[in-house]
């Protein structure tokens, strides 16, 4: 038989994701795709795969998956989760060879919100509108459920495994850099300053459409409301926009958001900080920091360059991770490299 | 009295996030502003600027997605200013290549349970309401909310009726609803604050078909009232599409 990944069990927010369907905004379809596209880029680097391959996105909880029809390489990226293959622990942020018939068990997120299981050759279900991504709002693609047999594509680098990437921590909230958008000027300077001076908590109300923010004293939300807020004409909305709903509650729009909306949007998250926003689990604290557009552009160009250098940052895993008591410590990394190939952490978004 | 929906604005160029732009022709619903949006979109498509990767019209504004690796936003802003200054976009003709859709629709009864209520708000009887809504083609002002879902307009000023305060739990695919001088034909079952006055067989979003999304902004839609019996007897209720002359 052809290679397949058989779903024995899956958490409630497991779905197939790739880079989504850009280009349909005028038709009313948001791009969707992985909530943390950086995790897909990391998997591509680890697997030496094609960008755009589909992977399993696992929100909060993974599942049990059995490999059939042949061995496969898997990469585990994004929010770290406890993972085992036939009982042997698998290191996160690494690529492993899994034997035919083996069971991959992935538990709950240790931090963050979305972990990714990518497979050499990709998951090769039928594409719809140029993508395999599940879009919760448009009803495209499928959420993953037990019993599904997911066909696998041909692996083009089957001997490349036992490698890992240094972790790029973005899983506990923190500072999200924001830019003005077409509606920011509707808010007073005092409101914009208060927005950046407030520590918000990610509320439990959140999914692929977006995440609501909370304050310890919800009465303070009213300071962000706009007098004319409810009668605005609908305009284009994008993932990363922060809209202020009727009672002043900010809501971060995410991958599967609507394409037009009438709530005013106070700010837009710098694209490279969207993974950090998406990975902030309920209860984590986020703060917003205004940056000016020219600074944002140089940060963006540097980030694109750092993504392009991910393949060069992959390091060999020289010891069996199962034997190592301190898998997530930096010593593991500094012990196997002279550091010359790795990017300084300063190039990555700072906390 | 002048039409309150006539536009008096000048277009604004607004930066959105990292490198994108919004050209806002009005901050209220206005037929002229929507025409301006469609004309500018067509002009930009023809110009094919480097770095311009996507255009999305909304009711009175045009969104431009720019690739920051391929363009300098300051230059884009200057070029937009130049282009906007070349003509009166509010008076520009609608772009060519648009189509007209003839859609049969059952109004009132079980197919449109809120027809009488909506007609009363617009100050007319249900029969007059149907006549007004079917009097002439309505333009696709924008697609949104769900994929392929059209906002059609503009209806006469009497139809500037508010949304309901309570949501209707769900309306079916093809439902024809009305509010604020516009008609929406739902492309997926959905809750709505608009009033359902009719039901069509239009399926504007069929992901596995080519093309998956039938309407384009600027297309026109002519609703035609048919009886429930005649509708049930029709082989194809999905509508007929022809190029506009």
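Chains as they are written, first to last, in the working numbering: chain F, 4 to 354; chain A, 405 to 649. Idealized CB from N, CA, C, for every residue including glycine.
When DSSP states are grouped into helix, strand and coil, residue 146 of chain F belongs to the strand group.
Following the DSSP letters along the chain, one finds residue 503 of chain A inside the beta strand (DSSP E) bounded by residues 503-511. For residue 631 of chain A, the secondary structure class from DSSP, reduced to helix, strand or coil, is coil.
Judged by DSSP secondary structure, residue 488 of chain A falls within the alpha helix (DSSP H) whose first and last residues are 477-489. Ranked by how close their Cα comes to the Cα of residue 221 of chain F, the residues F:273, F:204, F:164, F:15 have F:204 in first place. In the DSSP assignment, the residues bridged to residue 112 of chain F are F:84.
Chain A has no Cβ within less than 8 Å of the Cβ of residue 80 of chain F. Within 9 Å of the CB of residue 419 of chain A, the CB atoms of chain F belong to 182, 183, 184, 185, 296, in sequence order along the chain.
At least one C-beta of chain A is nearer than 8 Å to the C-beta of residue 261 of chain F.
For residue 458 of chain A, the chain F residues whose Cβ falls inside 8 Å of its Cβ are 25, 26, 28, 29, in order along the chain.
The criterion of a C-beta distance shorter than 8 Å is satisfied by residue 121 of chain F and residue 56 of chain F. A check of alpha carbon separations from residue 646 of chain A across A:550, A:479, A:619 identifies A:619 as the nearest.
By the 16-neighbour rule on beta-carbons within 10 angstroms, residue 478 of chain A is exposed.
Proximity of chain A to residue 299 of chain F at the Cβ level (cut-off 7 Å) is accounted for by 422, in chain order. Note that the C-beta distance between residue 7 of chain F and residue 130 of chain F is not below 8 Å. A straight line joining the alpha-carbon of residue 436 of chain A with that of residue 641 of chain A spans about 32 Å.
In the structure shown, the three-state DSSP call for residue 218 of chain F is coil.
Of all residues in the segment 130-160 of chain F, only 131, 132, 141, 142, 143 place a beta-carbon less than 7 Å from a beta-carbon of chain A. Residue pairing for residue 98 of chain F: DSSP places it in a beta bridge opposite F:78, F:166. For residue 268 of chain F, the secondary structure class from DSSP, reduced to helix, strand or coil, is strand. The straight-line gap separating the alpha-carbon atoms of residue 252 of chain F and residue 266 of chain F is approximately 11 Å. Straight-line spacing of the CA atoms in residue 114 of chain F and residue 157 of chain F works out to 32 Å. Judged by their CB atoms, residue 180 of chain F and residue 294 of chain F are nearer to each other than the 8 Å cut-off. When DSSP states are grouped into helix, strand and coil, residue 418 of chain A belongs to the strand group. In this structure residue 245 of chain F is in contact with residue 270 of chain F, their Cβ atoms being roughly 5 Å apart against a cut-off of 8 Å. Per DSSP, reduced to three states, the secondary structure at residue 293 of chain F is strand.
Judged by their CB atoms, residue 583 of chain A and residue 567 of chain A are nearer to each other than the 8 Å cut-off.
Under the 10 Å beta carbon count, residue 644 of chain A is surrounded by fewer than 16 other beta carbons and is classified as exposed. By DSSP's assignment, residue 470 of chain A forms a beta bridge with A:456.
In the DSSP secondary-structure assignment, residue 238 of chain F is bridged to F:264. Residue F:65 holds the alpha-carbon nearest to the alpha-carbon of residue 81 of chain F among F:65, F:88, F:75, F:72. Of the candidates F:274, F:312, F:279, the residue whose Cα lies closest to the Cα of residue 421 of chain A is F:274. Here residue 209 of chain F is bridged, per DSSP, to F:214. Interface flag for residue 236 of chain F against chain A is set, since a Cβ pair is found closer than 8 Å.
At a C-beta separation below 7 Å, residue 303 of chain F has these neighbours in chain A: 422, 472.
Where residue 315 of chain F is concerned, there is no enclosing beta strand (DSSP E), although the alpha helix (DSSP H) around it starts and stops at 313-316.
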